[in-house]
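Undergrad: Sharing a structure, written as structure tokens. Questions coming.
Residue numbers (the numbering used here): -12 to 399.
Structure (structure tokens):
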């Protein structure tokens, strides 16, 4: 079996909810040992209490058994070890310091200033282990943000401008169903963390990596020059089509929807041939890219009329045979069961640690393939504090009596 890219690296995971746990999930899938630190007084990671749940009775909206586990935790907790630690207890820092001594990375997604108030920020950690990389994911960055400084995905979507890039002109803002604010920041956090680890390997000094959810998502909005479009009179919100790339968009067939992307002359000619309208390629309204953009509304109406009463399979066959990029618009449940993404383990079945995979659920894999390394999310999520004895006893050397006393004092 090939070694995993991050084998031998240890991560202290102080995160909760989604943005932080997704970052540490990726590091775990890449082979790092991820030690998830959870608060014993609150029931651990908040996502442990997110409905729905999986247990002996299968998938339910409410807990029905003691070993039921939320789908969120089934997904985000894989390949991690769970320990409990009340970071507000005066004795907690000594225990955390033991973990810092043997770790390469520490990640949190607290609001700005929380690690400083707890006395566990990068300055403290680097005094114990100069090589450690401390990564923080927060709503607005280490300097804090407006109001309470707290942020959740919908707040970040609203502030980033992304809600006003979808939908049609005049429609209300569109909240993306996928929590993109929560999911983009951890990608940058992983990139930044691994870059800092490489630097620490070269210099012997770690550093603080600061990633903001707002900055991460807004930087992607800025990849597309929406302000330039507005100045040129092009609408930023164009609904189901993209006029400046016409023919381009999603269209209804008789039994579903399909996506079509035909911005080049070759693709446009293929579309006209598939429609049985080869003469449109010579029509001055559609003969060039600029002409198609200028007459996008008319062109898209022609496509919609052609497709409206045809079966989806027929449309896709015609477009494919004529070299036009096109695809069915799928439901999420169908998409995650695509044999291609399953074979590549970009999506994988989820398993309950005791009851297996009988709920027939799927979750993210590690969507990266290496030629000489293995990656996988192949161990089920842990129970709360499941690895206290292994980590505190086996790794840090605490005795059973010491662990019992720490538990009785509410430290672990």
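Cβ atoms here follow ideal geometry from the backbone N, Cα and C, with glycine treated the same way. What you are looking at is a predicted structure, and each value in this text was computed from that prediction instead of being measured.
Taking the continuous beta strand (DSSP E) assigned at residue 238, which residues delimit it?
TA: As a first step, residue 238 is located in the chain shown; it is residue number 251 there, counting from the start. Segment 235 to 240, the beta strand (DSSP E) holding residue 238.
Undergrad: Drop a sphere of 10 angstroms on the beta-carbon of residue 178, count the other beta-carbons inside from all chains shown, and report buried for 16 or more, exposed for fewer.
TA: Indexing the chain shown from 1 puts residue 178 at position 191. So residue 178 counts as exposed.
Undergrad: Measuring straight from C-alpha to C-alpha, what distance separates residue 73 and residue 61?
TA: Here residue 73 is taken as the residue at index 86 of the chain shown, counted from 1. Here residue 61 is taken as the residue at index 74 of the chain shown, counted from 1. Near 23 Å, if we compare the C-alpha coordinates of residue 61 and residue 73.
Undergrad: Since residue 19 and residue -3 should fall inside the 8 Å C-beta cutoff, what is the C-beta to C-beta distance between them, to a whole number of angstroms?
TA: Locating residue 19 in the chain shown gives position 32, counting from the first residue. Locating residue -3 in the chain shown gives position 10, counting from the first residue. Rounded, the Cβ-Cβ distance is 7 Å, consistent with contact.
Undergrad: What does the alpha-carbon distance come out to for the pair residue 349 and residue 67?
TA: Residue numbering aside, residue 349 sits at position 362 when the chain shown is read from its first letter. Residue numbering aside, residue 67 sits at position 80 when the chain shown is read from its first letter. Taking the straight line from one Cα to the other gives about 18 Å.
Undergrad: So for residue 93, helix, strand or coil by DSSP?
TA: Locating residue 93 in the chain shown gives position 106, counting from the first residue. Strand at residue 93.
Undergrad: State the CB to CB distance for the pair residue 254 and residue 312, rounded to an integer number of angstroms; the pair is presumed to be in contact (CB under 8 Å).
TA: Along the chain shown, read from residue 1 onward, the residue named residue 254 stands at position 267. Along the chain shown, read from residue 1 onward, the residue named residue 312 stands at position 325. That belief holds up - the Cβ atoms of residue 254 and residue 312 are roughly 7 Å apart, short of 8 Å.
Undergrad: How should residue 25 be labelled, buried or exposed, when 16 other C-beta atoms within 10 angstroms of its C-beta is the threshold for buried?
TA: Locating residue 25 in the chain shown gives position 38, counting from the first residue. Per the 10 Å Cβ criterion, buried.
Undergrad: Residues in the same chain with beta-carbon distance under 7 Å from residue -11, minus the five sequence neighbours each way, listed in chain order, please.
TA: Locating residue -11 in the chain shown gives position 2, where the first residue counts as 1. 359, 360, 361, listed in sequence order.
Undergrad: Would you mind giving the Cβ-Cβ distance between residue -8 and residue 357, rounded to the nearest angstrom? I have them listed as a contact below 8 Å.
TA: Within the chain shown, the letter at position 5 stands for residue -8. Within the chain shown, the letter at position 370 stands for residue 357. Confirmed, about 7 Å.
Undergrad: Assess, as a yes-or-no matter, whether the stretch 179 to 193 is touched by the stretch 114 to 123 under the definition of 3 or more beta carbon pairs within less than 8 Å.
TA: Touching, yes, given that three or more Cβ pairs across the two stretches are closer than 8 Å.
Undergrad: Please state whether the Cβ-Cβ distance between residue 69 and residue 373 is less than 8 Å.
TA: Position 82 of the chain shown, counting from 1, holds the residue named residue 69. Position 386 of the chain shown, counting from 1, holds the residue named residue 373. Yes. Within cutoff.
Undergrad: With a floor of 4 residues, list each alpha helix (DSSP H) that falls wholly inside the stretch 318 to 371, ordered by position along the chain.
TA: Within the stretch 318 to 371, the complete alpha helix (DSSP H) runs of at least 4 residues are 319 to 322, 326 to 330.
Undergrad: Please report how far the alpha carbon of residue 104 lies from the alpha carbon of residue 63, in whole angstroms.
TA: Here residue 104 refers to the residue found at position 117 when the chain shown is read from its first residue. Here residue 63 refers to the residue found at position 76 when the chain shown is read from its first residue. Those two C-alpha atoms are separated by around 27 Å.
Undergrad: Cutting at 6 Å between CB atoms, please list the residues of its own chain near residue 293, excluding the five before and the five after it.
TA: Translated into positions along the chain shown, residue 293 becomes position 306. Closer than 6 Å at Cβ, skipping near neighbours: 262.
Undergrad: Strictly by DSSP, which residues pair up with residue 245?
TA: Position 258 of the chain shown holds residue 245. For residue 245, which the question treats as bridged, DSSP gives the partners 238, 315.
Undergrad: Is it true that the CB of residue 87 sits closer than 8 Å to the CB of residue -1?
TA: If you number the chain shown from 1, residue -1 lands on position 12. If you number the chain shown from 1, residue 87 lands on position 100. Yes, the pair counts as a contact, with Cβ atoms nearer than the cut-off.
Undergrad: Is it the case that the Cβ atoms of residue 201 and residue 126 are separated by a distance below 8 Å?
TA: Here the question's residue 201 lines up with position 214 in the chain shown. Here the question's residue 126 lines up with position 139 in the chain shown. Taking 8 Å as the Cβ cut-off, residue 201 and residue 126 qualify as a contacting pair.
Undergrad: Strictly under 8 Å for the Cβ-Cβ distance: is residue 56 near chain D by that measure?
TA: Of the chains in the structure shown, none is chain D; there is only one protein chain.
Undergrad: If you compare alpha carbons, which of 181, 184, 369 is closest to residue 56?
TA: Locating residue 56 in the chain shown gives position 69, where the first residue counts as 1. It is 369 whose Cα lies nearest to the Cα of residue 56.
Undergrad: In the structure shown, what three-state DSSP assignment does residue 202 receive?
TA: Residue 202 sits at position 215 when you count from the first residue of the chain shown. Of the three classes helix, strand and coil, the one that applies to residue 202 here is helix, per DSSP.
Undergrad: Spatial neighbours of residue 390 within its chain, please: C-beta separation below 8 Å, excluding the five flanking residues on both sides.
TA: Stepping through the chain shown from its first residue, residue 390 is reached at position 403. Correct list, in chain order: 375, 376, 379, 380, 399.
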